[in-house]
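Quick note on our numbering: the sequence shown kicks off at 1 and runs consecutively.
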Amino acid sequence: MADPGVVLRTAGLSRHFGGVRAVDSVDLEVRAGHIHCIIGPNGAGKSTLFNVISGMIPATAGRVVFQEETITGKSPQAISRLGLVRSFQTPRVFAAMTVLDHVLLASRERPENGARRREALARVGLLERGDMLAGDLAHGEKKRLELAMALAMRPRLILLDEPTAGMNAHESEAIAGIVREAASTATVVVIEHDIDFVRGIADWVTVLHKGMVLREGTIAEIEQDQEVRRVYLGDIG
């Protein structure tokens, strides 16, 4: 019987590129309301896993179930409409569009009804940047704009791919606060290399290695695991 507390589940999920098993029979459960972090060495399959879950690329084998509905093989647009949205390592924004227009586009809100987009911008600290062109934003602000776009869609689940990449400690701390606040209304799954950031937000951690789940547990359990330290944490201190 399905666990009603699980919002996202993968079963035997695989994605192969020729002879390379980028994602190899991954069984994953994400509990509703949690911040679930996915960590692992470069090339472990983390972003590929997100790409398969979000419909960006097809699975070679296995299933993805979101809110008890199988979404394997659905388009990214169809998956987004169900309430599963994602961000990318490099912010995907249009330089010549304003910050407000980005969030309007994401929210599918009527232009005269700006409550949702103002709320989303306020949640990420960009409300006063609304009339700026996205191309004029700093890197960290572009990452926050992507978060605002995701929040404006009122998602049930947000996939964040390295939300602190390229940020300093102060910027990362601000993103941690935004992620924790976002988890008050949505489940959040985060790919991240910054272990200090993970310590500050994670309810549960999955470690990927060579496309497979190596370990799962709390961050305290993960940091004490000798195999995780050998293949990953030992490399980053």
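Ideal placement from N, C-alpha and C gives every residue a C-beta, glycine not left out.
So what's residue i in DSSP terms, helix, strand or just coil?
i	result
residue 1	Note that residue 1 scores a pLDDT of 47, beneath 50, so its modelled location is shaky and nothing firm can be said.
residue 170	helix
residue 157	strand
residue 34	coil
residue 126	coil
residue 27	strand
residue 95	coil
residue 165	coil
residue 178	helix
residue 108	coil
residue 232	helix
residue 20	strand
Taking the beta strand (DSSP E) that residue i falls in, what are its first and last residues?
i	result
residue 139	No beta strand (DSSP E) holds residue 139; the alpha helix (DSSP H) holding it covers 139–152.
residue 78	Looking at the DSSP string, residue 78 is not in any beta strand (DSSP E); the run it does join, the alpha helix (DSSP H), is 76–81.
residue 48	Unbroken run through residue 48 is the alpha helix (DSSP H), 46–53; no beta strand (DSSP E).
residue 14	6–17
residue 61	61–66
residue 84	84–86
Which residue from the options puts its Cα closest to that of residue i?
i	options	result
residue 173	231, 50, 197 and 66	197
residue 164	128, 177 and 108	177
residue 230	217, 157, 207 and 118	207
residue 84	67, 143 and 100	67
residue 82	157, 200 and 224	157
residue 142	6, 121, 28 and 32	121
residue 179	233, 162 and 131	162
residue 89	55, 127, 20 and 144	144
residue 3	215, 117, 31 and 182	31
residue 28	146, 43 and 52	52
residue 209	20, 43 and 7	43
residue 146	129, 124, 167 and 169	124
residue 159	21, 56, 23 and 24	56
residue 6	65, 86 and 72	65
Quiz item: Which ranges would you report for the beta strand (DSSP E) in the region 182–226 if only whole runs of at least 3 residues count?
Solution: 187–191, 204–209 and 212–217
Practice problem: Please determine if the region 126–144 and the region 94–108 are in contact, where contact requires at least 3 C-beta pairs separated by less than 8 Å. | Solution: yes
Quiz item: Would the region 35–42 and the region 65–82 be scored as touching if the rule is three or more Cβ pairs under 8 Å?
Solution: no
Self-check item: Stretch-stretch touch, CB-based, cutoff 8 Å, three pairs: the region 13–26 with the region 58–65
Solution: yes
Quiz item: Any contact of the region 217–229 with the region 181–192, i.e. 3+ C-beta pairs under 8 Å?
Solution: no
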